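Each remark here refers to the structure printed beneath this line.
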Amino acid sequence: MFRDLARDGGKSRRARSGQHPRGAEIMAAHAARVRSRETHEQRVARLQAEADAYKSAEAAARADDAESTDGLR
Numbered sequence: 002m003f004r005d006l007a008r009d010g011g012k013s014r015r016a017r018s019g020q021h022p023r024g025a026e027i028m029a030a031h032a033a034r035v036r037s038r039e040t041h042e043q044r045v046a047r048l049q050a051e052a053d054a055y056k057s058a059e060a061a062a063r064a065d066d067a068e069s070t071d072g073l074r
């Protein structure tokens with residue numbers, strides 16, 4: 002039984018076979034989640050873009066801080 006659940010992303014055999022009262026709704030929702038799931042490459046690209054944006058913002062803040070403390074030295 003657990004092997005069946007793991008193979009189909011946690012959906013019960015009843016839901017898959019259409020015996021569950023809301024089986025079609027459950028499987029349609031599951032299919033929509035699977036289709037909208039980002040791929041590994043998309044996730045890597047998104048995280049890399051976030052990291053680059055963070056680094057550039059940090060560098061800009063550091064440069065701005067250096068400019069504002071120049072007169073204090």
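Quick note: the sequence shown uses my numbering, first residue 2, plus one each step. Ideal placement from N, C-alpha and C gives every residue a C-beta, glycine not left out. This structure is a prediction, so every number in the text was calculated from the model and none was measured.
Starting from E26, trace the alpha helix (DSSP H) both ways and give me its first and last residue.
Residue mapping note: residue 26 aligns to position 25 of the sequence shown, counting from 1. Start and end: 24-37.
What is the DSSP secondary structure of T40, reduced to helix, strand or coil?
Taking the sequence shown and counting its residues from 1, one reaches residue 40 at position 39. Of the three classes helix, strand and coil, the one that applies to T40 here is coil, per DSSP.
Quick one: residues in its chain with C-beta nearer than 8 Å to the C-beta of A58, no 5 flanking neighbours on either side, listed in chain order?
As a working mapping, residue 58 is identified with position 57 in the sequence shown. Cβ within range, chain order: n/a, list empty.
Return helix, strand or coil for A64, following the three-state DSSP convention.
Working through the sequence shown from its first residue, we reach residue 64 at position 63. Here A64 sits in helix by DSSP.
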